[in-house]
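Q:
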Amino acid sequence: SNSKTSSVSPANGNGCTIPPSDHVLNLEQGDPAVYESYWRKMGDKCTMVISGSELMSYISDFTSVCWFLEPALEAAVRRLHRTVGNAVVDGDRHIVVGTGSTQLYQAALYALTSPGGPEPFSVVSAAPYYSSYPDETDYIRSALYKWTGDAYTFNKTGHGPYIEVVNTPNNPDGTLREAVVKNRGDQGKLIHDLAYYWPQYTPITRPADHDIMYFTFSKSTGHAGSRIGWAIVKDKEVARKMSKFVELSSLGVSKDSQQRAAKIMGVICDDYENCKSTDNSELFFDHCRQIMADRWERLRKVVEQSVIFSLPNYPQKYCIFSGESTEPYPAFAWMEANEDVDTEKVLRGQIKVQGRTGRRFGVDQRYVRISMLSREDVFNKFLERLSTIKSVTNGH
Ligand code: PMP
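Taking full-length UniProt numbering, I'd label the letters of the sequence shown as residues 8 to 403.
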């Protein structure tokens, strides 16, 4: 049979060879290639076979608020959160599945603003904010909502109904966050983007329990290509409207992907449940946290030696998942040049490393965001090249 069709070639050019020294290292997107090696080691543990007659229907469960959510995925999501302890999923919580959390962001905007009033809701997030929020908020020029930028500025001078997006830990700068707009009574609504609230990136300080929070398969296990995200929603009417958005925009979410996600989440949870030894280092989150810790340690060494860039420092916190105090190891390095230069340009010009400028995140060009989730050989190459920079003002 054809059960192991693993001959799919990498479409992103991240094939099998180390880029030669004159190639640009693309560390601009957060493509989670770092996780491939773990899943390769797992061999066939996550392999699944789908026959031609399976998963054909649009429908998963017509009695459910999210009728296109596969019950197996719903169960796996709840189990994963119980295993990790990073979100409250018991009680009256509704799960809505999306084609990536990208779709759920838009579904949440729609759910919180429809049918719409005389003026559009302002959508804000504290700078530096995830660069896709402005783009995704405004690309269809909705009359329901409009991107209004930095939440700190809005807190001082803004008015009217608003939605604040809280991304914690935050992309790009890795900080833990809370809402910053205050004292607006019932004019404000919150969306919590918890894409990076997983133990490999941050101490899990408590089970998150917000009105609307979403997570993604892309950053939890690294399976960005499956395009699976899920929202945990307290209010049934909001969950119903979010599901309606997904229904209108894509008539549901790939069942093949949902089943695969359920399988992989199940394997992670089984491994944690069955692990009798005290050595957890081969379990998914522990193993990946170790990789991130190692990368951050090596990056900090190089940055300290160069003295021309700086990185944020993050406080240790007690992690309820690991049962010890741990340090954040964000998915991105938020590098600041110690002089007023266009840091993205400097890195591209001097060492052929492509990051994303601070300007895209609502702050200045001294900052650049670098992905920490590349394949190991690409990351090594990045450090090698970074260590050759001696100055940001010459050598162009
Ligand atoms: N939110 C944040 C903060 C992200 O960084 C990303 C991916 N870069 C997403 C949402 C969207 O991810 P996806 O659509 O793959 O779930």
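C-beta: ideal position from N, C-alpha, C; glycine also.
Kindly provide the ranges of any beta strand (DSSP E) runs that are 3 or more residues long and lie completely inside the stretch 149–202, ordered along the chain.
A: Entirely contained in the stretch 149–202, the beta strand (DSSP E) runs reaching 3 residues are, in chain order, 152–157, 169–174 and 195–200.
Q: Is the beta carbon of residue 211 less than 8 Å from the beta carbon of residue 91?
A: Going by C-beta atoms, residue 211 is nearer than 8 Å to residue 91.
Q: With distances taken between CB atoms, is the gap from residue 248 to residue 65 smaller than 8 Å?
A: Not in contact: residue 248 and residue 65 (Cβ atoms no closer than 8 Å).
Q: Should residue 63 go down as buried or exposed, given a rule of 16 or more other Cβ atoms within 10 Å for buried?
A: Result: exposed.
Q: Within this structure, are the beta carbons of residue 103 and residue 114 separated by less than 8 Å?
A: Yes, the pair counts as a contact, with Cβ atoms nearer than the cut-off.
Q: State yes or no: is the C-beta of residue 109 nearer than 7 Å to some heavy atom of the ligand PMP?
A: Yes, the Cβ of residue 109 comes within 7 Å of a heavy atom of the ligand PMP.
Q: Going by other Cβ atoms of all chains shown within 10 Å of its Cβ, with 16 needed for buried, is residue 150 buried or exposed?
A: So residue 150 counts as exposed.
Q: Can you find a heavy atom of the ligand PMP that lies under 7 Å from the Cβ of residue 174?
A: True, at least one ligand heavy atom lies under 7 Å from that Cβ.
Q: Return helix, strand or coil for residue 346, following the three-state DSSP convention.
A: The answer is coil: DSSP assigns residue 346 none of H, G, I, E or B.
Q: Whose C-alpha, out of 154, 138 and 137, is nearest the C-alpha of residue 144?
A: When only C-alpha atoms are compared, the closest one is 154.
Q: Nearer than 7 Å: is that true of the beta carbon of residue 238 relative to any heavy atom of the ligand PMP?
A: No - the ligand PMP has no heavy atom lying nearer than 7 Å to the Cβ of residue 238.
Q: If residue 226 and residue 79 are in contact, beta carbons under 8 Å, what's the gap, nearest whole angstrom?
A: Actually they are not in contact, since the Cβ atoms of residue 226 and residue 79 sit about 21 Å apart, beyond 8 Å.
Q: Can you tell me which residues form a DSSP beta bridge with residue 299?
A: Paired residues: none, contrary to the question.
Q: According to the Cβ coordinates, are residue 100 and residue 251 closer than 8 Å?
A: No.
Q: Have a look at residue 224 and residue 109 and give me their C-alpha separation to the nearest angstrom.
A: Looking at the two C-alpha atoms, the distance is approximately 11 Å.
Q: Starting from the Cα of residue 340, find the closest Cα among 381, 346, 333 and 356 and give me that residue.
A: When only C-alpha atoms are compared, the closest one is 381.
Q: Since residue 274 and residue 393 are thought to touch, with beta carbons under 8 Å apart, how far apart are those beta carbons, to the nearest angstrom?
A: The pair is not a contact, with the Cβ atoms about 36 Å apart (cut-off 8 Å).
Q: What residue from 361, 384, 387 and 350 has the CA that sits closest to residue 374's CA?
A: That would be 350, whose Cα lies nearest to the Cα of residue 374.
Q: Would you identify the three-state DSSP class for residue 272, choosing helix, strand or coil?
A: Residue 272 falls in the helix class under three-state DSSP.
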